[in-house]
Structure formats: structure tokens, C-alpha cells
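Undergrad: Submitted below is the structure of interest, expressed as C-alpha cells.
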Amino acid sequence: MRVLVTGGSGRLGRSVVETLAARGHSVTSVDVAPGPEAAGIEQRVADLLDNDAREAVFAEARPEGVVHLAGIAVPFGRPDTEILDINTRLVWAVLSSAIAHKARSAVAASSPTVFGYNTEGWAPRYLPLDEEHPVAPWHSYGLSKAIIEETVRTLVRGGSGGCVLSCVRPGYVIAPEEWAGAPTQLGHTLLERLAQPELAAGSLFNYIDARDAAELFALVVERPDQVGNGQILHAIAEDPLATEPLAELLPRFHPGTAGLAGGLTQGRAAFSSGAAERALGWRPTRQWRTELHGWDA
Ligand SMILES: NC(=O)c1ccc[n+]([C@@H]2O[C@H](COP(=O)([O-])OP(=O)(O)OC[C@H]3O[C@@H](n4cnc5c(N)ncnc54)[C@H](O)[C@@H]3O)[C@@H](O)[C@H]2O)c1
């Protein structure tokens with residue numbers, strides 16, 4: 001099928017376009033930054049907040065499926081008002097274009113930061129966090145993602161014209177080169193994040209291999225009949241990015257989890273991705289213990 005990927009030059013986008021092309025799709029990647037040339041992938045440079053430019057890309061690509069990843073991807077990576085403004089305007093614009101151009105499916109990237117962890121008093125209702133757990137963002141990035149999810153529901157209520165709209169919440173994305181030692185999005189290597197648990201504590205030790213997340217984005221656009229309109233799916237590894245069990249680590253860094261974290265014994269993560277497994281049979285296949293170069297178990 002014809003698939004348009006926004007933000008296709010980014011850390012996650014590069015794996016998404018490669019995965020879609022490898023699955024036989026005709027892929028157009030659109031980004032303000034140029035992407036790497038690769039067989040089977042049309043690269044377009046455009047600012048998707050420019051109405052004329054966005055319309056031209058959609059008219060040319062005529063997508064049957066849309067994966068919307070473009071945006072500001074890091075909390076506090078830009079001034080708060082810019083993050084909120086760019087991410088929320090982009091999602092409305094891109095998903096509305098998908099509907100107008102009669103795509104059958106469109107999925108937007110949200111984030112587990114919607115749960116609002118990493119504040120002093122944060123206390124979940126239960127662990128592991130699943131797609132049903134209430135959201136309560138506390139920073140501009142998390143709020144922008146909560147609004148992205150509400151935008152999906154709003155467009156569904158307004159009638160999405162046969163286009164199935166959904167959101168995927170990827171964990172902390174690990175691009176292939178990062179397993180080999182390249183810095184991750186917050187600047188530290190994976191070996192540093194493992195050696196200093198305070199670095200990964202801010203994300204509750206979640207992660208996902210970019211190619212595993214890409215497989216889920218591909219399944220979501222390929223099989224809209226198996227995805228509920230407005231559905232939220234986690235794409236998070238089943239184990240935590242930590243050498244110690246979360247039963248010990250979580251209460252140390254997030255005192256409000258004491259009493260709930262006891263069941264998170266060695267190898268058990270603070271998140272579940274059960275909705276993606278139930279809807280699409282997706283489970284992550286790559287774990288840090290087998291992927292990470294230089295890790296000596
Ligand atoms: N990286 C993670 O750990 C992570 C975790 C959860 C969710 N996400 C979400 O996944 C998506 C992709 O994340 P990423 O890590 O690949 O980010 P990234 O910053 O590497 O890629 C985002 C891309 O969007 C492009 N972009 C921004 N504004 C644009 C615009 N107006 N028009 C066209 N392109 C534009 C950027 O040039 C960039 O290439 C984002 O929505 C992010 O919030 C990422």
C-alpha cells in the first residue's frame with residue numbers, strides 16, 4: 001500500500017520507513033530535514049505546518065496509510081510554548097489531511113510521558129502501567145501528547161470518513177546505532193544509562209528498539225480492521241532498562257510507587273503493551289541484554 005511517514009528522517013522515522021519499504025509498501029517520507037536516500041523510499045522536504053506544502057505532499061503521495069511522527073520529540077527540548085504549539089497543530093493538520101485524502105488508516109506517535117511520572121509526589125494507581133491507566137501530564141511535552149490522543153478521539157467523534165485513527169506510545173526509542181554505542185536522545189550511551197540508574201529512572205526504565213516499534217506502526221496502518229478507532233497502543237519492551245529489579249529501583253527514585261512495585265521482580269517492566277498484542281499479535285522481539293554491544297552479563 002502507499003504509506004506516508006511524517007518525521008521520516010528522525011530517530012524513529014528512519015526505522016519506520018525502512019521497515020515499511022521492507023514489507024513491500026510504497027513509502028513517502030516527509031520531513032523538514034532531508035532523509036537518507038534508500039531504495040523504495042520517496043523523500044520529500046516540507047514543513048507540514050505550511051498548508052500549501054502539506055497539501056502538495058498529500059496530493060502527490062495519495063497515501064492509503066499515514067504514520068505521523070513529526071514533531072518536537074524531547075521534553076524541554078524547546079521552549080514549552082513551542083513544543084505545545086508545534087506538536088498539537090501538527091497532529092490536527094496531518095490527521096485532517098489524511099482524512100481529506102481518504103487514507104484508510106492514520107496513526108500518531110504519543111508517549112508514555114502522558115502518565116506524568118517523574119514528579120516528586122507521583123503515585124500510579126497500579127503497576128504495570130497499561131493503556132487504561134489514567135493520564136496526568138505535568139510538562140508541556142506530555143501535555144502535547146495527551147492533546148494528540150484527545151485530537152484523535154475528537155476527529156473520530158467528528159466522523160473520520162472511513163479512516164481508522166489511532167495512537168502508539170513508544171517507549172524510550174533505541175535506534176540501531178545506539179546499541180553499538182552512539183549516544184541516545186538525552187545524550188548518554190546505553191551503557192551509561194545502565195551503570196547510572198538515575199539516568200533511566202526518569203522514564204521508569206522503559207525503552208523500545210526502533211525496529212520493534214516500527215513493526216507495530218506498520219501493523220497498525222496495514223490492518224485498520226483490527227485496530228479500534230481511537231485506540232491507544234503501547235510499544236514498550238517487556239523488560240526494563242536496568243540491571244536491578246524495579247521492585248527495588250522504582251521506590252528508590254519514585255517513592256510513590258512503594259507498595260505497588262513489589263511484583264516487578266527481575267526482568268519485569270513498569271509498562272505493559274498488552275493492547276498491541278491482543279489487537280495485532282505484536283510483541284517486541286529485541287531486548288537490551290542481547291542487543292547491546294559491550295554488555296558483559
Ligand atoms: N524518541 C523517543 O524516545 C520517543 C518516545 C515516545 C514518543 N516519541 C515520539 O515519536 C516521534 C518521533 O520521535 P523521534 O525520536 O524520531 O524524534 P526526532 O526528533 O528524531 O524526529 C522528529 C522529526 O520530525 C521532524 N519535524 C519536526 N517538525 C516538523 C514539521 N513542522 N514538518 C515536518 N517535519 C517536522 C524533525 O525534522 C525530525 O526529523 C515524535 O512524535 C516523538 O514525540 C519518541
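Those letters in the sequence shown? Residues 1 to 297, per UniProt numbering, in order.
Where is the CB? At the ideal position from N, CA and C, for every residue including glycine.
These numbers come from a predicted model, not from an experiment.
Using a 10 Å radius around the Cβ and a threshold of 16 neighbouring Cβ atoms, would you call residue 354 buried or exposed?
TA: Since the displayed the chain opens at 1 and closes at 297, residue 354 lies outside it and no answer follows.
Undergrad: Hey, could you find the ends of the alpha helix (DSSP H) Ile99 is sitting in?
TA: Run containing Ile99: Asp80 to Ala100, per the alpha helix (DSSP H) assignment.
Undergrad: Using a Cβ distance threshold of 8 Å, determine whether the segment 31-44 contacts the segment 195-211, with at least three qualifying pairs required.
TA: No, the segment 31-44 is not in contact with the segment 195-211.
Undergrad: For ligand 1, I want to know if Pro32 counts as a neighbour, meaning its beta carbon is within less than 8 Å of at least one of the ligand's heavy atoms.
TA: Rather than Pro, the amino acid found at residue 32 in this sequence is Val. It does: the Cβ of Val32 is within 8 Å (strictly closer) of some heavy atom of ligand 1.
Undergrad: Can Ser110 and Arg14 be called in contact, C-beta distance under 9 Å?
TA: For Ser110 and Arg14, no; Cβs fall outside 9 Å.
Undergrad: Do you know how far the Cα of Ala70 is from the Cα of Asp212?
TA: Going from the Cα of Asp212 to the Cα of Ala70 covers about 19 Å.
Undergrad: So which of Val5, Pro134 and Ser9 has the shortest CA-CA distance to Thr28?
TA: Ranking Val5, Pro134 and Ser9 by Cα distance to Thr28 puts Val5 first.
Undergrad: Excluding the 5 residues preceding and the 5 following Phe58 in the sequence, name in chain order all residues of the same chain whose CB lies nearer than 8 Å to its CB.
TA: The answer, listed in chain order, is Leu4, Ser97, Ala98, Ala100 and His101.
Undergrad: Can you grab the Cα-Cα spacing for the pair Pro112 / His139, in whole Å?
TA: Pro112 and His139: Cα-Cα distance of roughly 12 Å.
Undergrad: So what's Asp225 in DSSP terms, helix, strand or just coil?
TA: The answer is helix: DSSP assigns Asp225 an H, G or I state.
Undergrad: Among Trp122, Asn87, Pro137 and Arg153, which has the Cα closest to the Cα of Leu250?
TA: Nearest of Trp122, Asn87, Pro137 and Arg153 to Leu250, Cα basis: Trp122.
Undergrad: Tell me the rounded alpha-carbon separation between Leu233 and Cys167.
TA: Cα-Cα distance, rounded: 6 Å.
Undergrad: Between the Cα of Pro128 and the Cα atoms of Gly10, Asp296 and Glu238, which residue gives the shortest distance?
TA: For Pro128, the nearest C-alpha among the options comes from Glu238.
Undergrad: How many Å lie between Leu216 and Trp282 at the Cα?
TA: Roughly 6 Å separates the two Cα atoms.
Undergrad: Would you mind stating whether Leu12 and Ala195 have Cβ atoms separated by less than 9 Å?
TA: No.
Undergrad: Which same chain residues end up closer than 6 Å to Asp80 when comparing Cβ atoms and leaving out the 5 residues on each side of it in sequence?
TA: Excluding residues within five positions, the ones whose Cβ falls inside 6 Å are Ser140.
Undergrad: Contact between the segment 275-291 and the segment 142-160 is defined here as three or more beta-carbon pairs at a separation below 8 Å; is this criterion met?
TA: Contact between the segment 275-291 and the segment 142-160 is absent, because fewer than three Cβ pairs lie under 8 Å.
Undergrad: Ends of the beta strand (DSSP E) at Gly161?
TA: Careful: Gly161 lies outside any beta strand (DSSP E) and carries neither H nor E.
Undergrad: For Val114, which residues of its own chain have a beta-carbon under 6 Å away from its beta-carbon, when the five flanking residues on both sides are left out?
TA: Excluding residues within five positions, the ones whose Cβ falls inside 6 Å are Val135, Pro137, Gly142, Lys145 and Ala146.
Undergrad: Where does Tyr126 land, buried or exposed, given buried means 16+ other C-beta within 10 angstroms?
TA: It counts as exposed.
Undergrad: Would the beta-carbon of Thr19 be found less than 8 Å away from any heavy atom of ligand 3?
TA: Among the ligands modelled here, namely ligand 1, ligand 3 does not occur.
Undergrad: Compute the Euclidean distance between the alpha carbons of Arg252 and Thr189, then round it to the nearest angstrom.
TA: Looking at the two C-alpha atoms, the distance is approximately 22 Å.
Undergrad: Can you tell me where the alpha helix (DSSP H) with Arg104 in it begins and where it stops?
TA: Arg104 -> no alpha helix (DSSP H), and no H or E assigned at all.
Undergrad: When you compare each of Gly228, Leu292 and Ile174 to Ile236 by their alpha carbons, which one comes out closest?
TA: With distances taken between Cα atoms, Ile236 lies closest to Ile174.
Undergrad: Considering just the uninterrupted stretch of the beta strand (DSSP E) at Asp31, what are its terminal residues?
TA: Here the beta strand (DSSP E) through Asp31 covers Ser26 to Asp31.
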